[in-house]
Every structure is written in structure tokens, then in C-alpha cells.
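Enquirer: Mapping the sequence shown onto the working numbering, position 128 (from 1) lands on 131, and the numbers just tick up by one. Cβ coordinates follow ideal geometry from the N, Cα and C atoms, glycine included. Note that the structure is predicted; figures quoted are calculated from it, not measured.
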Amino acid sequence: MNRTPGETEERTTERTVSDAPPDAERLRRWRMVLGADSADSTGRTLTGQDAAMDGALDALYGGGAGKKPNGRGTGGRSAGLGASAPSVARWLGDIRTYFPSSVVQVMQRDAIERLGLSALLLEPEMLEAVEPDVHLVGTLLSLDKAMPETTKETARAVVRKVVEDLERRLESRTRATLTGALDRSARISRPRHRDIDWDRTIRANLKNYLTLPAPDAATTAGSTGTTGTVVPERLVGYGRSSRSARKDIVLCVDQSGSMAASVVYASVFGAVLASMRTLSTRLVVFDTAVVDLTDQLDDPVDVLFGTQLGGGTDINRALAYCQSRITRPADTVVVLISDLYEGGIRDEMLKRVAAMKASGVQFVSLLALSDEGAPAYDHEHAAALGALGAPAFACTPDLFPDVMAAAIEKRPLPIPDKEYQP
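(1) Between D290 and G315, is the Cβ-Cβ spacing less than 7 angstroms?
(2) Tell me the DSSP secondary structure of K250 in three-state form.
(3) Please state the DSSP three-state secondary structure of L49.
(4) Per the contact definition of three or more C-beta pairs closer than 8 angstroms, is the region 133-142 in contact with the region 104-124?
(5) What is the DSSP secondary structure of D257, reduced to helix, strand or coil?
(6) Mapping the DSSP letters down to three states, classify T330 as helix, strand or coil.
(7) Going by beta carbon distance, what residues of the same chain come within less than 7 angstroms of D147, once the five residues before and after it are set aside?
(8) On the three-state DSSP scale, how would you describe Y212?
(9) Kindly list the residues whose CB is nearer than 7 angstroms to the CB of I205, restricted to its own chain and excluding five residues on each side of it in sequence; keep chain order.
(10) How far does the alpha helix (DSSP H) with R112 in it reach, from first residue to last?
(11) Give the straight-line distance between the Cα atoms of S81 and V287, rounded to the nearest whole angstrom.
(12) Between the beta-carbon of T335 and the beta-carbon of D374, is there less than 7 angstroms?
(13) Would you tell me roughly how many angstroms separate the C-alpha atoms of G347 and D57, rounded to the nearest one?
(14) What is the rounded straight-line gap between the Cα of K210 and the Cα of R203?
(15) Quick one: Cα of A207 to Cα of R414, how far?
(16) For the ligand NAD, is there any heavy atom lying closer than 6 angstroms to the beta carbon of G315?
(17) Out of K250, A390 and L181, point me to the one whose CA is closest to L282's CA.
As C-alpha cells, this is what we get:
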């Protein structure tokens with residue numbers, strides 16, 4: 004099977020750049036892209052590190068269309084990792100030597116999916132060899148119930164490494180964005196001069212617009228003869244931070260198997276939000292059952308191991324639980340993170356969303372919270388939510404703070420791409 008250029012173009016170039024003529028270098032690159040089957044047509048024989056890189060790629064992507072899940076081809080040649088933990092661990096070490104972290108993560112994901120290596124991740128020595136990333140965490144969480152005790156501590160260490168990296172990347176911007184949004188959402192009527200929200204003050208006082216005589220006509224050629232001003236009878240200002248929670252956030256997260264990356268990101272964001280004193284944050288995960296993980300938000304690793312990826316989906320039941328915990332509708336933001344494939348009562352689900360919005364709740368529907376791009380989702384349910392004023396769209400982790408800020412301030416949501424709207 005031919006390899007796509009992306010499988011080799013992104014690799015590191017720690018080796019010395021080839022001094023070969025341009026045509027020879029072009030053939031070498033094509034040989035690396037196309038794989039061993041192209042050796043005769045390109046006339047290139049790989050040696051040294053090039054040969055080692057090609058072998059690592061061929062173990063995963065070679066062998067033709069007849070490859071079986073365990074990596075053995077059905078034809079004459081055999082390429083694959085087999086079912087041996089030592090050989091897989093050796094291969095994992097090779098790809099970490101020859102390729103950058105981002106490519107290693109893609110190759111690991113392909114190996115797990117194409118070669119059926121999930122069971123080998125239950126062995127501690129395998130976990131120590133892998134490059135941790137969000138997708139690996141999702142795979143480990145799905146294997147949690149089958150994981151032997153000897154592996155669980157290693158798995159937690161892998162998950163913690165990923166979670167701490169995500170927290171470092173996401174926390175500061177999330178705090179800065181939401182702190183500003185909370186200050187702007189708390190309006191006061193007697194602000195200090197520096198705290199006046201001039202845009203809202205002008206809009207609130209447009210009824211007090213006064214028409215005034217124009218200045219000296221000699222200095223205002225072309226003037227209509229009149230001018231005007233707004234008399235600010237009522238000032239609107241930004242509120243000051245306070246220790247009491249000003250907004251209630253409810254994250255309602257679908258833990259079906261397809262939502263693994265979203266569960267990881269939602270758990271990290273939940274922990275970040277829970278650490279902000281001006282927010283009261285609740286995290287609810289669901290499949291056909293509903294689990295409230297709010298009391299574990301001080302450690303997102305505990306949250307993740309409290310989830311159970313896979314199973315059915317009952318969004319209506321989850322929203323019913325969330326609705327029962329709302330005490331301040333006008334100050335509550337509910338974020339549903341789900342692909343909307345509902346296994347429960349569809350009409351009841353939509354009625355609950357409509358009821359929450361009518362009571363003043365800001366309702367946000369995210370089809371995914373990940374970097375994966377366009378998700379698979381139920382278009383009919385997404386269209387129905389859009390008709391209720393709750394458009395459903397995919398959201399990257401980098402955009403999530405802006406989405407939350409808009410919801411807190413009751414502004415239109417920054418929907419990134421119309422493609423994700425029904």
C-alpha cells in the first residue's frame with residue numbers, strides 16, 4: 004500500500020541533509036513516500052537511517068491491501084508488528100527516534116486502529132514506551148475496566164502527563180478570558196469613571212438624544228444647521244470582582260466511545276473552571292446512566308478514570324438531571340458536549356432545552372471539543388437545537404474560552420465555521 008506524503012514529509016531531519024543531486028534527492032523522497040514496492044521504479048536503494056525509517060513505516064503501512072489486523076499480510080510478503088509486545092515496544096522506540104512527536108502520535112493511533120494493538124497497552128512496559136497524547140488517553144480510558152492492577156499506576160502516570168500538559172497550555176488563557184467576561188457581565192448603575200461601559204451607556208440613553216443648534220456657520224461649511232448629543236441619565240459600568248460565585252457552569256458531557264477526546268478536554272476545562280472562585284462548576288458525564296463527577300474536579304485525572312467510555316446515549320436523562328440542579332437560571336450556562344445521537348426520548352430532550360432557555364439559562368451545544376475537525380453528528384437533532392436558538396457546532400480547545408466568555412456575557416457565540424451548523 005502506498006504511503007501518503009504526509010506520513011514522511013513531517014518527520015525530523017536530524018540526519019545530515021543529502022548532498023545528492025536534485026534529481027537523485029527527488030527520487031529518494033519519492034521512494035520514502037511510496038514504500039518498498041516502488042524500489043524498482045525509482046531505482047533507489049535506501050541505506051542507513053533512511054532504511055531504518057522506511058522499515059518503521061513499512062511495519063505499519065506496508066503489506067498491501069491483504070493485511071490482517073495483526074499486521075501479517077495474506078500474500079507472499081509479510082509486514083507488520085505481529086502480536087509480540089517486545090517487537091511493538093522496539094518499534095515504538097524506533098519511531099520516537101526517527102520522527103517528531105506529532106508524527107509519532109499519528110503513527111501510534113494508526114497502529115492501535117489498524118493492527119489491533121489495544122490489548123498490548125495493558126502491559127506496563129508498553130505504556131512506558133508510548134508517546135502520551137489525548138487519543139492515547141481515550142484508548143486507556145476505554146480499556147480501564149480490563150486493565151490489570153499492575154498496569155493501572157503506569158496508566159495513571161501516562162494520563163497525568165497529558166493532563167498536566169493540557170492544563171499548562173489552556174489554563175492561563177481560560178482564566179484571563181473568563182475573568183474579563185465575568186467582570187463585564189456584572190453591570191452596575193453607579194460606576195466609577197474608569198469602569199463605565201460606554202457602548203452600553205450610549206445604547207441605554209439613546210432616548211435622551213438632544214438636538215442642539217449648530218456652531219457658527221462660518222466654521223461649519225456644509226452643516227445642516229443642527230447637531231446633537233446623548234444625555235447619559237443612566238450610567239452602565241463593569242462590576243468589580245467579588246469572592247462569591249457570579250455564574251453557575253454545568254458541563255454535560257457525552258461519554259460514548261466516539262467522544263473520547265472531548266471527554267479528556269472537558270475534564271481539564273472543568274478542573275480549570277472549578278478553580279475559579281467566581282464560578283460554580285458542575286461536571287456531569289453520561290451514556291445511558293448519569294454520573295456527577297463534580298466532587299472530583301480538583302483532580303482531572305480522577306475525573307477521567309471516573310468516566311466509562313462506550314455504551315449507549317440518553318441525552319434527555321442527562322439534561323433532566325442538570326435541569327434539576329439549576330437554582331439560578333439567569334446566571335447559569337449549560338454546555339452540552341455531544342454528537343447528539345440520542346437513544347432516549349428526542350422530543351423530551353428538545354422540550355427540556357426549550358424550557359431551560361425560556362427560564363433564562365444560556366445553553367451551548369458543542370458537537371465536539373477537540374482538534375479533530377468536522378465531527379460525525381446527528382444533523383436532525385442539531386437542526387432542531389438550532390431552531391430553538393441553540394446552534395450546535397464543533398469547538399476546538401483554543402476557542403472554548405471565547406465560547407464560554409460569550410455565553411457568560413450573553414453575546415452571540417463565536418461559531419467558527421458554518422460547515423458545522425445544520
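Expert: In short, the structure shows the following:
(1) Within the sequence shown, the letter at position 287 stands for residue 290. Within the sequence shown, the letter at position 312 stands for residue 315. Cβ atoms of D290 and G315: closer than 7 angstroms.
(2) Stepping through the sequence shown from its first residue, residue 250 is reached at position 247. If DSSP states are grouped into helix, strand and coil, K250 belongs with the strands.
(3) Taking the first residue of the sequence shown as position 1, residue 49 is located at position 46. Looking at L49 - three-state DSSP - the assignment turns out to be coil, as it is neither helix nor strand.
(4) yes
(5) Here residue 257 corresponds to residue number 254 of the sequence shown, with the count starting at 1. If DSSP states are grouped into helix, strand and coil, D257 belongs with the strands.
(6) What you label residue 330 is simply residue 327 of the sequence shown in a count that begins at 1. The answer is coil: DSSP assigns T330 none of H, G, I, E or B.
(7) Translated into the one-based positions of the sequence shown, residue 147 becomes position 144. Answer for D147: F308, listed in chain order.
(8) Position 209 of the sequence shown, counted from the first residue, corresponds to residue 212. Y212 falls in the strand class under three-state DSSP.
(9) Indexing the sequence shown from 1 puts residue 205 at position 202. Cβ neighbours of I205 beyond the five flanking positions: V233.
(10) For the purposes of this step, residue 112 is taken as residue 109 along the sequence shown, with counting starting at 1. Counting along the chain, the alpha helix (DSSP H) containing R112 begins and ends at S104 to L118.
(11) Here the question's residue 81 lines up with position 78 in the sequence shown. Here the question's residue 287 lines up with position 284 in the sequence shown. Below a pLDDT of 50, predicted positions are generally treated as unreliable, and S81, at 40, falls in that range; no measurement from the model is reported.
(12) Counting from 1 along the sequence shown, the entry for residue 335 is found at position 332. Counting from 1 along the sequence shown, the entry for residue 374 is found at position 371. Not in contact: T335 and D374 (Cβ atoms no closer than 7 angstroms).
(13) Locating residue 347 in the sequence shown gives position 344, counting from the first residue. Locating residue 57 in the sequence shown gives position 54, counting from the first residue. Cα to Cα, G347 sits roughly 49 angstroms from D57.
(14) Working through the sequence shown from its first residue, we reach residue 210 at position 207. Working through the sequence shown from its first residue, we reach residue 203 at position 200. Each residue's Cα considered, the two are about 13 angstroms apart.
(15) Numbered from its first residue, the sequence shown carries residue 207 at position 204. Numbered from its first residue, the sequence shown carries residue 414 at position 411. Roughly 17 angstroms separates the two Cα atoms.
(16) With respect to the ligand NAD, the structure offers nothing, as it holds no ligand at all.
(17) As a position in the sequence shown, residue 282 is number 279, starting the count at 1. When each option's Cα is compared against that of L282, the closest is K250.
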